[in-house]
Amino acid sequence: MARNLYDVGDRTPDDTGSWLNEKQEKRARVLPIGMLFGAMALAIGGALMFGWLLPASSEADRTAAATTSITDEFALCDDSRGDACVLGADAYAWRGQRYHIADISVPSAIDARCPQEADRARKGRAALLAMMNGGAFQALPDAADTDPSARILLRDNVSIGQLMVMKGHAKPWSGKPTNWCKG
C-alpha cells in the first residue's frame, strides 16, 4: 500500500487499516546549541579546577627535566663561547654557553699566587678534560647555587667534581678561599 503520494507502485488503499498500527519513524532529537556550549564550559572549568587540585611538580621533576646528557668530545680552549671545550679546572663551554662545576673549588691559573697554584690549575684542567672525554655524562643545574651556570656533572651517578677532589685536583666547595700555595 502507498504510504504517501510519492509511492507510485501501490494505488489501492488498505481496507484493514493496518498501516495505522505501524510505528512511525521517530524524529531525531537535536541537542540545543546552548546546552552544548554549557556542557563544554563545564568540562573546561572542571579540567582547570582539576589541574589546580593536583600537586605542583616537585624539585626532582624540574631537575630531571633540566638534566642534559652530554656526549660531545671536548678540547682545551680559552673562548667561553666555545662549542665543547674545557676553560679551566672547574669551567667548560658547551654550545656557546659557559658553565662551572658547582661542587668543587679549584686553583686559579689566571690569578695564581704562586707557581704551584698555576701548575695545579694546569694539571686540573687537563684532568677535567680527560674526565669529560671519558664517555657520556649528565649536567644537572645545582639547586643550592643561585648561579644559573652552576652544574653538577655526573657519570653513572658519580660526581665528576668529587672525582677531581679524590685525585687531588680540587677541594670540596666551601665558599671560603683556599690557599693552594702552602704544602
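Note that the sequence shown ends on residue 191 in our numbering; no numbers are left out.
Positions of the beta carbon are idealized from the N, C-alpha and C atoms, including for glycine.
Out of curiosity, what's the CA-to-CA distance linking S116 and G176? 14 Å
Applying the 10 Å Cβ sphere with the 16-neighbour rule, what's the burial state of E67? Bear in mind that a pLDDT of 49 at E67, under 50, signals an unreliable position, so the number given afterwards is only what the model happens to contain. Classification for E67: exposed.
Check whether the Cβ of D91 lies closer than 7 Å to any Cβ atom in chain C. Looking at the structure shown, chain C is missing, and only one protein chain is on hand.
Residue burial classification, C122 (beta-carbon count within 10 angstroms, cutoff 16): exposed
Taking its Cβ as the centre, do 16 or more other Cβ atoms sit within 10 Å of P40, making it buried, or is it exposed? Burial check for P40: the Cβ neighbour count within 10 Å stays below 16, so the residue is exposed.
V166 - DSSP class collapsed to helix/strand/coil: strand
Going by DSSP, what residue range makes up the alpha helix (DSSP H) through A129? First-last of the alpha helix (DSSP H) with A129: 123–140.
Cβ-Cβ distance between L161 and A144 below 7 Å: Result no, Cβ atoms of L161 and A144 do not sit closer than 7 Å.
Can you check DSSP and say which residues form a bridge with F145? I78
In this structure, what does DSSP give as the bridge partners for P180? I112
Under 7 Å between C-beta atoms of W181 and I118: no
Going by DSSP in three states, G96 sits in which element: helix, strand or coil? In this structure, G96 counts as strand in the three-state DSSP scheme.
If we ignore side chains and look at the alpha-carbon of each, how far apart do R128 and I109 end up? When rounded, the distance between both Cα atoms is 17 Å.
Pick helix, strand or coil for A55, following the three-state DSSP scheme. helix
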